[in-house]
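Student: The structure that follows is given in the form of structure tokens.
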Amino acid sequence: MKPELPCIRRFADVGTALPAMLLLVVLAASPVVDAAVPQQGYELRPGDIVAVSVWQEPGLEQLVLVRPDGGVSFPLAGDLKAEGLTLEELGAVLKQRLSKFIPDPVVTVTLQEIPGNRIYVIGKVNKPGDFAIIARDVTVMQALSMAGGLTPFADEKNIKVLRMQDGQQRSISFDYRKIRRGEDLQQNIALEAGDVIVVP
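full-length UniProt numbering puts the first residue of the sequence shown at 1, with every later residue one more than the last.
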């Protein structure tokens with residue numbers, strides 16, 4: 001049997017490692033999309049940050065913040081209302097406005113962050129903290145579940161939801177015991193960004 005030359009063995013090793021090396025290069029070059037950030041059917045809210053790009057127009061590629069009044073500003077398109085629109089709807093509005101200056105523009109809108117849409121759960125729960133509202137209708141019970149549920153010493157009947165409304169702090173009562181028994185289900189309200197659940 002002929003001995004294998006060192007140079008041939010080294011080439012074979014490189015050939016074996018090459019597919020793995022190419023895979024690493026491809027993965028490194030691929031954009032990372034956070035699975036926690038929704039893209040389909042999500043309705044924009046103040047505080048959201050979206051990335052807008054127009055094909056073959058590098059000057060029209062930037063991150064856009066949805067302002068507290070629900071509006072956004074974009075070059076050539078001007079100021080427009082974004083709150084309540086899906087990403088597809090916002091892209092269609094931008095395309096319509098940009099078409100006055102660019103023939104048949106191809107507009108892409110992706111959601112980058114949702115830092116402003118958070119709720120807060122404090123007090124006697126297992127995992128107090130702030131949580132992003134991804135779904136449109138997160139209820140009090142769902143928020144308590146996100147916080148790991150109540151501790152054994154929680155006062156189940158005197159939970160409060162604190163909400164800013166028209167510049168005033170409002171307190172909404174929540175009786176966990178009744179919900180658990182299937183009673184008074186209307187108190188399991190949908191939360192809004194900025195709501196604070198206090199579990200005494």
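Even glycine gets a Cβ: it sits at the ideal position worked out from N, Cα and C. Because the structure is a prediction, the values reported are computed rather than measured.
Out of 166, 125, 41 and 132, state which residue places its alpha-carbon closest to the alpha-carbon of residue 176.
Tutor: Among 166, 125, 41 and 132, the Cα nearest to that of residue 176 belongs to 125.
Student: What are the residues that DSSP puts in a beta bridge with residue 174?
Tutor: DSSP output for residue 174 lists 159 as bridge partner(s).
Student: What's the call for residue 105, buried or exposed, on a 16-neighbour Cβ count within 10 Å?
Tutor: Classification for residue 105: buried.
Student: In the DSSP assignment, the beta strand (DSSP E) including residue 145 goes from what residue to what residue?
Tutor: Where residue 145 is concerned, there is no enclosing beta strand (DSSP E), although the alpha helix (DSSP H) it sits in stretches over 140-146.
Student: At the level of alpha carbons, what is the spacing between residue 128 and residue 87?
Tutor: Their Cα atoms are separated by approximately 31 angstroms.
Student: State the CB to CB distance for the pair residue 118 and residue 83, rounded to an integer number of angstroms; the pair is presumed to be in contact (CB under 8 angstroms).
Tutor: That belief does not hold up - the Cβ atoms of residue 118 and residue 83 are roughly 16 angstroms apart, past 8 angstroms.
Student: Looking only at its chain, what residues have a beta carbon closer than 6 angstroms to the beta carbon of residue 187, apart from the 5 residues adjacent to it on each side?
Tutor: 174, listed in sequence order.
Student: Look up residue 78 in the DSSP assignment and give the residues it is bridged to.
Tutor: Residue 78 is bridged to 74.
Student: Kindly list the residues whose CB is nearer than 6 angstroms to the CB of residue 131, restricted to its own chain and excluding five residues on each side of it in sequence; keep chain order.
Tutor: Excluding positions up to five away in sequence, the list reads 119 and 146.
Student: State the Cα-Cα distance for the pair residue 166 and residue 43, rounded to the nearest angstrom.
Tutor: Answer to the nearest angstrom: the Cα atoms are 22 angstroms apart.
Student: Between which residues of its own chain and residue 65 is the CB-CB distance below 6 angstroms, once the five residues before and five after are set aside?
Tutor: Excluding positions up to five away in sequence, the list reads 49.
Student: Between the C-alpha atoms of residue 142 and residue 123, what's the straight-line distance to the nearest angstrom?
Tutor: Cα to Cα, the separation comes out at about 16 angstroms.
Student: Thinking just about the alpha-carbon of each residue, which of 51, 199 and 189 is nearest to the one in residue 112?
Tutor: Of the candidates 51, 199 and 189, the one whose C-alpha sits nearest the C-alpha of residue 112 is 51.
Student: What is the DSSP secondary structure of residue 88, reduced to helix, strand or coil?
Tutor: Residue 88: helix per DSSP, three-state reduction.
Student: Restricting to Cα atoms, I'd like to know which of 153, 195 and 140 is closest to residue 185.
Tutor: Of the listed residues, the one whose Cα sits closest to residue 185 is 140.
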